[in-house]
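Novice: First, the structure itself, so that you have it in front of you.
Chains as they are written, first to last, in the numbering used here: chain A, 53 to 126; chain B, 21 to 290.
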């Protein structure tokens, strides 16, 4: 089946889960990535059970800090 | 309010643009932006917004200028090392444009003061580095119904999104809660190219300008990512706001801003 992952169309094994895709794509800090499939958030804890289908569009949304380090402290 | 001759000349390249014109420039002159963090992202944003004639710019930062800041925080110079960042930033902004008012807040931004700080501003620009701060700014802006620009940078990558009340997902819809301390690399641990702060900080300034002149499309409901190594910009459409989001959802449980614990190592490092 074909998926569009982060803008690139690629062929994957049929019926893989989001968790498997995260592994195949070597996603950095996978436990903290937000995944969307066809413009819907994949809920936390359901990556293992969310099965992907031919034609799905998947995006990985990463945490990113930056800017000034110490402007805010607690 | 009529323009002075000096203003007509200073802002002539804006006024000539059909998307800005005299009307748009007046909106900028009446605009009020709060920049939280006078660092890598806040520096270019503050300078361009000052140059653009955004009439009131607040800048909040508790820190002093450090030598290691100068690789990317272009609002400060070598002679500013040791000086409060807000003071150094204010001097640069006023040197660029004495036509605007700069308000400085040399303070840590916390749940105690954030609502007072953002009150009276039209647009907030998140130039902070740590996740607790980013969630605090998001929650406060959602609660106070303020528009804001979120951004993050690391290594050769950057990203930003814009939140406008009732149009598009908030930061918490997307990222839920801060990752545990040190779970996700920070600029201090992983490094960042100085120019990345310039690129993304300028894009944040661009969002603020567009917000005031009401031109084009803001990055609401989308996340713009930039990879400097491949030179790929991607505008990722975000899912619609999460109805279950604890701050902007249908039944919010976060009704007041609150602080997350900050990692101890972050307190020690610069």
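We put the beta carbon where it would ideally sit given N, CA and C, even for glycine.
1) The alpha helix (DSSP H) that contains residue 32 (chain B), what's its start and end?
2) Would you be able to state if there are at least three C-beta pairs under 8 Å between the segment 66-73 of chain B and the segment 171-187 of chain B?
3) For the alpha helix (DSSP H) holding residue 107 (chain B), just list the boundary residues, first then last.
4) With a cut-off of 8 Å on the beta carbons, I'd call residue 253 (chain B) and residue 86 (chain A) a contact; round off their distance for me.
5) Which residues bound the alpha helix (DSSP H) around residue 252 (chain B)?
6) Under three-state DSSP, which class holds residue 231 (chain B)?
7) Closer than 9 Å between beta carbons: that is the criterion. Which residues of the segment 196-217 of chain B meet it against chain A?
8) The segment 236-258 of chain B: which residues have C-beta closer than 9 Å to a C-beta of chain A, in chain order?
9) Beta-carbon within less than 6 Å of residue 101 (chain A)'s beta-carbon, same chain only, minus the 5 sequence neighbours each way: which residues are those?
10) Rounded to the nearest angstrom, how far is the Cβ of residue 142 (chain B) from that of residue 53 (chain B), given a contact under 8 Å?
11) Are residue 81 (chain B) and residue 47 (chain B) touching if we call contact CB-CB under 9 Å?
12) Since residue 120 (chain B) and residue 77 (chain B) should fall inside the 8 Å C-beta cutoff, what is the C-beta to C-beta distance between them, to a whole number of angstroms?
13) Can you tell me which of the three DSSP states residue 98 (chain B) falls into?
14) Indicate whether residue 184 (chain B) and residue 56 (chain B) have their beta-carbon atoms separated by less than 9 Å.
15) Considering only C-alpha positions, which residue in the set B:158, B:94 and B:190 is nearest to residue 219 (chain B)?
16) Within 10 angstroms of its Cβ, does residue 264 (chain B) collect 16 or more other Cβ (buried), or is it exposed?
17) Taking residue 244 (chain B) as part of the beta strand (DSSP E), name the residues at either end of that continuous run.
18) Against chain B, does residue 113 (chain A) count as a neighbour if the rule is that its beta carbon must be under 9 Å from one of theirs?
19) What span of residues does the beta strand (DSSP E) with residue 316 (chain B) cover, start to end?
Specialist: So, from the data block:
1) Taken as a continuous stretch (DSSP letters only), the alpha helix (DSSP H) holding residue 32 (chain B) covers 32-35.
2) No contact exists between the segment 171-187 of chain B and the segment 66-73 of chain B.
3) That run of the alpha helix (DSSP H) goes 105-116.
4) That pair is no contact at about 20 Å.
5) Here residue 252 (chain B) belongs to no alpha helix (DSSP H); instead the beta strand (DSSP E) covers 252-257.
6) Of the three classes helix, strand and coil, the one that applies to residue 231 (chain B) here is helix, per DSSP.
7) Going along the segment 196-217 of chain B in chain order, one finds 196, 198, 199, 200, 203, 204, 205, 206, 207, 208, 212, 216 and 217 with a Cβ nearer than 9 Å to chain A.
8) Within the segment 236-258 of chain B, the residues whose Cβ lies closer than 9 Å to some Cβ of chain A are 243, 245, 252, 254, 256, 257 and 258, listed in chain order.
9) Taking residue 101 (chain A) as the centre and dropping the five residues before and after it, the same chain places no C-beta closer than 6 Å to its C-beta.
10) Contact between residue 142 (chain B) and residue 53 (chain B) holds, since their C-beta atoms are separated by about 7 Å, short of 8 Å.
11) Between residue 81 (chain B) and residue 47 (chain B), the gap from beta carbon to beta carbon reaches 9 Å or more.
12) Contact annotation, residue 120 (chain B) with residue 77 (chain B): C-beta distance approximately 6 Å; criterion of less than 8 Å satisfied.
13) Here residue 98 (chain B) sits in helix by DSSP.
14) No, Cβ-Cβ distance for residue 184 (chain B) and residue 56 (chain B) is not below 9 Å.
15) Ranking the options by Cα distance to residue 219 (chain B), first place goes to B:94.
16) Exposed, since its Cβ has fewer than 16 Cβ neighbours within 10 Å.
17) 242-247 is the span of the beta strand (DSSP E), which, as asked, contains residue 244 (chain B).
18) Cβ-Cβ to chain B under 9 Å: yes for residue 113 (chain A).
19) Nothing about residue 316 (chain B) can be reported from this structure: the residues present for chain B run from 21 to 290 only.
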